[in-house]
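What follows is a short report on a single structure.
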Amino acid sequence: MPAKPNFVYIFCDDLGWGDVSCLNSESKIQTPNIDRLATSGMSFTDAHTGSAVCTPSRYTLLTGRYCWRTELKDGVGGGYSPPLITPDRLTVAEMLKQNGYRTACIGKWHVGFDWQLKDEFGDDAMPRHLCREETRFDDMVDFAKPILNGPTDVGFDYYFGISASLDMSPYVFIENDRATDIPCEIVPRGTTPEARAREGIGAKGWRHEDVLPALRDKSIRFIKQEAAAGNPFFLYLPVNGPHTPVVPNAEWIGKSGAGLYGDFVMEIDDVVGQIVATLEEAGVRDNTMVVFSSDNGPETLTARYRESYGHYSAWKFRGMKRDNWEGGHRVPFVVSWPAAVTAGSTCERFVELVDFMATVAEIVDADVPETAAEDSRSILPLLEGDFSSDCRPFAIHHSCNGQWAIRRGKYKLLLHSGSGGNRSECPENNDPVQLYDLEADLFETTNIYADHPDIVRELRELCLSCIKDGRSTPGQPLDNDPNGEWRQLEALLRLEV
12 MPAKPNFVYI
22 FCDDLGWGDV
32 SCLNSESKIQ
42 TPNIDRLATS
52 GMSFTDAHTG
62 SAVCTPSRYT
72 LLTGRYCWRT
82 ELKDGVGGGY
92 SPPLITPDRL
102 TVAEMLKQNG
112 YRTACIGKWH
122 VGFDWQLKDE
132 FGDDAMPRHL
142 CREETRFDDM
152 VDFAKPILNG
162 PTDVGFDYYF
172 GISASLDMSP
182 YVFIENDRAT
192 DIPCEIVPRG
202 TTPEARAREG
212 IGAKGWRHED
222 VLPALRDKSI
232 RFIKQEAAAG
242 NPFFLYLPVN
252 GPHTPVVPNA
262 EWIGKSGAGL
272 YGDFVMEIDD
282 VVGQIVATLE
292 EAGVRDNTMV
302 VFSSDNGPET
312 LTARYRESYG
322 HYSAWKFRGM
332 KRDNWEGGHR
342 VPFVVSWPAA
352 VTAGSTCERF
362 VELVDFMATV
372 AEIVDADVPE
382 TAAEDSRSIL
392 PLLEGDFSSD
402 CRPFAIHHSC
412 NGQWAIRRGK
422 YKLLLHSGSG
432 GNRSECPENN
442 DPVQLYDLEA
452 DLFETTNIYA
462 DHPDIVRELR
472 ELCLSCIKDG
482 RSTPGQPLDN
492 DPNGEWRQLE
502 ALLRLEV
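All residue numbers for the sequence shown refer to the working numbering, where the first residue is 12 and numbers rise by one.
Listed below in structure tokens is the structure:
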């Protein structure tokens, strides 16, 4: 295996499985650069996020640990939410830094900062748990003070980006531990589904459409700098789209066959192409693992594109972002590493994005303590072409409402009624649980829980043991983070099946 490969992880925000043309031949959005990435490497058809929403998926990717083990038991954080990654938590960035890598996060962070308040407010004025709607903190934060416990405190040498989703204030770039400007203007609320963004404070002249190009340019600069210095590097690039506000720049409007959303996806695809081109120009492409994926399924606004444009962002899968059905967490996942991964290969084995940390650890021969990456399993055998390897015997999915589903082999058990996230009228709203045979029923049309009570009980107990043991991989039991009431677990314990 090649020594010390570089790692570039491009992480989209709300990109659906059906938005990528190499996966969905009927897509109304063309993604030639993502398609070329797949042609140069391995495309996974059965890859899943650690959650059906933003914040927990990002925590899971960076730590190799399911986010529901933290104090965030459901939902997502906001622009002023406190940090989820504790100082003693090993991240993939810190692990690589300890092994001689230069590390950068350039993009949407969304796993929390400790913002400092103006002197007239007490330390207790900023509550530990923040609703994402809490824009009243716009006037309380001192943007001239350092921003504490962010990316540069958990393993990244450099950070540039935005604190949370682009529809959440504060609308200002952060570089390392400082805001690049003092927010002084009110950015108005978006008035259409695509333009949806909360009103909030922002930097002078802030334009949402400037964010993606800024992330691209900073990423290109980092790659050139580290390649020229001969340093192995890790670039984590969580882009801000196609999450709302959907803001393609003028030169991309009208390029796709799926409205502004499709245009925005095409602009993101172009960023992918420019990143890969930079690696090639710097002479490091061959020994760089480029990973492309998304944090969850597509936003519900794309459902109307089925009728308007004939475009299916979640393809034929049931559900969308927030849901425990497949459309909520099955995502595009491409790994291109010319020096080690066979070009043009396809893997149909079941994997999760939580597996990134264990995989990287095996590649660089890093030591990972038993108390870290407790839900992560290496998929290196799959990348090497051994598709007989059962890297992931089972996995736990998690919805926006904090409810669980568990998948083992062909069976998937949703330990709740309905979607677990979005409201929908469906027969399963009256069923206590849902069991699907994904080999026979990939689109989850027929609930067979009543026909297989033994499988339901077995999977429920497996899920419970993974929750109680604090880990889903072999090793010593660990504690989940305390959070007082855990109503979803209490409901699961009461569930009679």
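Note that beta-carbon positions come from the ideal geometry of N, C-alpha and C, so glycine has one too.
Other residues of its chain near residue i: CB distance less than 6 Å, five sequence neighbours each side excluded
i: C116; result: P162, F167, Y170 and Y247
i: C33; result: D46 and A49
i: M300; result: P16, F18 and W348
i: E501; result: none
i: F275; result: G252, P253, V257 and P259
i: T255; result: D178 and R207
i: A383; result: L101
i: Y323; result: G29 and R317
i: G486; result: E381
i: F132; result: M151
i: P443; result: none
Residue i: CB within 6 Å of a non-hydrogen atom of the ligand HEM
i: L26; result: Among the ligands in the structure shown, none appear at all, so the ligand HEM cannot be discussed.
Test: residue i CB closer than 7 Å to a CB of chain D
i: T81; result: Judged by its chain identifiers, the structure shown contains no chain D, having just a single protein chain.
Of the residues the options, the one placed nearest residue i, counting alpha carbons only
i: S174; options: V282, T42, K119 and V365; result: K119
i: E210; options: R418, P224, L177 and E237; result: L177
i: N441; options: A369, A461, K39 and L101; result: A461
i: W263; options: E337, G486, V282 and E472; result: V282
i: L159; options: P181, R189, G133 and Q499; result: R189
i: Q122; options: K156, P249 and S38; result: The amino acid occupying residue 122 in the given sequence is Val; Gln does not appear at that position. The option with the nearest alpha carbon to V122 is P249.
i: P13; options: R505, V375 and L473; result: V375
i: G172; options: L226, G213 and K156; result: L226
i: R76; options: N187, N491 and R403; result: N491
i: N412; options: A63, G27 and D153; result: A63
i: G213; options: I193, T202 and F361; result: I193
i: L470; options: N35, L426 and M106; result: L426
i: W217; options: T191, F233 and P485; result: T191
i: L465; options: A377, L424 and H409; result: Per the sequence presented here, residue 465 reads as Asp, with Leu not at that position. D465 has its Cα closest to that of L424, out of A377, L424 and H409.
i: L73; options: K327, D378, S410 and A369; result: A369
i: Y182; options: P157, E496, T203 and H219; result: H219
i: E186; options: D57, T97 and P157; result: P157
i: L40; options: S483, L453 and A325; result: The question names Leu, but residue 40 is Ile in the sequence shown. Measuring from the Cα of I40, the nearest candidate turns out to be A325.
Per-residue burial, residue i [other beta carbons within 10 Å of its own, 16 or more giving buried]
i: E381; result: exposed
i: I481; result: A small fix is needed here, since residue 481 is Gly in this sequence, not Ile. So G481 counts as buried.
i: S291; result: What sits at residue 291 in the sequence shown is Glu, not Ser. Counting Cβ neighbours within 10 Å, E291 comes out exposed, since fewer than 16 surround it.
i: R468; result: exposed
i: E455; result: buried
i: C195; result: exposed
i: K1; result: The structure shown does not extend to residue 1, since the chain is modelled only from 12 through 508, so no value can be given for it.
i: I407; result: buried
i: T81; result: buried
i: G27; result: buried
i: Q499; result: buried
i: Q414; result: buried
i: T71; result: buried
i: K84; result: buried
i: E144; result: Residue confidence is low: E144 scores 49 on pLDDT, short of 50, so the model does not pin down where it sits. Its coordinate-derived value is still stated next. Label assigned to E144: exposed.
i: E507; result: exposed
i: E37; result: exposed
i: S319; result: exposed
Cβ-based neighbour list, residue i, same chain, cut-off 8 Å, excluding 5 preceding and 5 following
i: K421; result: D448, L449, E450 and A451
i: L141; result: Low per-residue confidence applies at L141: pLDDT is 49, beneath 50, and the placement is therefore not dependable enough to give any value.
Contacts around residue i, its chain only, beta-carbon distance under 7 Å, and the 5 residues preceding and following it disregarded
i: V346; result: G52, M53, M300, V302, V352 and L394
i: N242; result: R113
i: N298; result: P13, P16, N17 and A350
Proximity below 7 Å, CB of residue i to CB of residue j
i: G338; j: G308; result: yes
i: E385; j: L489; result: yes
i: T102; j: V165; result: yes
i: G396; j: N44; result: no
i: S9; j: E373; result: For residue 9 there is no data in the structure shown, the boundaries of the chain being 12 and 508.
i: T60; j: D280; result: no
i: H463; j: L475; result: no
i: D366; j: S387; result: yes
i: E205; j: L271; result: yes
i: E439; j: N458; result: yes
i: R360; j: F398; result: yes
i: C358; j: F55; result: yes
i: A238; j: V287; result: no
i: L107; j: F245; result: yes
i: R435; j: N335; result: In the sequence as presented, Arg is not what sits at residue 435; that position holds Ser. For S435 and N335, no; Cβs fall outside 7 Å.
i: K235; j: A293; result: yes
i: I197; j: T289; result: no
i: A377; j: N35; result: no
Can you find at least 3 beta carbon pairs, one from the stretch 326-343 and one from the stretch 17-32, that sit closer than 8 Å? yes
For the 8 Å Cβ check, are there 3 or more pairs between the stretch 261-272 and the stretch 80-97? no
Flag this pair as touching only if the stretch 64-75 and the stretch 308-322 have three or more C-beta atom pairs under 8 Å; answer yes or no. no
contact_flag[the stretch 318-335, the stretch 427-437] where n(CB pairs < 8 Å) is 3 or more: These segments touch.
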